[in-house]
Amino acid sequence: GVDVLVVAVVDVLVVAGVDVLVAAGIDVLVVAVVDVLVVAGVDVLVVAGDDVLIVAGVDVLVVAGVDVLVAAGIDVLVVAGGDVLVVAGGDVLVVAGFDVLIVTGVDVLVVAGVDVLVVAGVDVLIVARIDLLVVAGVDVLVVAGVDVLVVAGVAVLVVAGVDVLVASVVDVLVVAGSDVLVAARVDVLVAA
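Residue numbers for the sequence shown follow the numbering used here, beginning at 1 and rising by one.
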C-alpha cells in the first residue's frame with residue numbers, strides 16, 4: 001500500500017502493492033502488483049502483475065503479466081503474458097503470449113503466441129504461432145504457424161505453415177506448406 005518507493009543498494013528486496021517503484025543496485029528483487037517499475041543494475045528480478053516495467057542491466061529477469069516492458073542489457077529474460085515488449089541487447093530471450101514484440105541485438109530468441117514480432121540482429125530465432133513476423137539480420141530462423149512472414153538478410157531459414165512469405169537475401173530457405181511465397185536473391189531454395 002505504498003504510492004512511491006525509491007530504493008538503492010539493497011541485497012534482497014520484496015515488494016507488493018506499490019504504485020511507483022524505482023530501484024537501483026539491488027541483488028535480488030521480487031515484485032508483485034506494481035503500476036510503474038524502473039530498475040537498473042539488478043542481478044535477479046522476478047516480477048508479476050506490472051503495468052509498465054523498464055529494466056536495464058539485469059542478469060536474470062522473469063516476468064509475468066506485464067503490459068509494457070522495455071528492457072536493455074539483459075542476459076536471460078523469460079516473459080509470459082505481456083502486451084508490448086521492447087528488448088535490446090539480450091543474450092537469451094524466451095517469450096510467450098505477447099501482443100507486440102520488438103527485439104534487437106539478441107543472441108537466442110524463442111517466441112510463441114505473439115501477434116506482431118519485429119526482430120533485428122538476432123543470432124538464433126525460433127518462432128511458433130505468430131500473426132505478423134518481420135525479421136532482418138538473423139543467422140538462423142525457424143518458423144512454424146505464421147500468417148505473414150517478411151524476411152531479409154537471413155543465413156538459414158526454415159519455414160512451415162506460413163500463409164504469406166516474402167524473403168530477400170537469404171542463403172538457405174526451406175519451406176513447407178506455404179500459400180504464397182515471394183523470394184528474391186535466395187541462394188538455395190527447397191520448397192514442398
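A virtual CB, placed ideally from N, CA and C, is assigned to each residue, including glycine.
In this text the structure is predicted, and so the values were computed from the model without any measurement.
Worksheet entry | Secondary structure of A183, DSSP reduced to three states | strand
Worksheet item: So the beta strand (DSSP E) G177 belongs to, where does it begin and stop?
Response: Careful: G177 lies outside any beta strand (DSSP E) and carries neither H nor E.
Worksheet item: Is the CB-CB distance between L53 and V46 below 8 Å?
Response: no
Discussion item. Going by C-alpha to C-alpha distance, which of V122, A136, V148 and V140 sits closest to R129?
Written reply: V148
Worksheet entry | Outcome for A16 when other beta-carbon atoms lying within 10 angstroms are tallied against a minimum of 16 | The residue in question, A16, is exposed, as its Cβ has fewer than 16 Cβ neighbours within 10 Å.
Worksheet entry | Reduced DSSP secondary structure (H/G/I, E/B, other) of A64 | strand
Discussion item. Quick check on this structure: which residue in A120, D131 and V79 has the alpha carbon closest to the alpha carbon of G145?
Written reply: D131
Worksheet entry | Whole-angstrom distance between V44 and A23, CA atom to CA atom | 12 Å
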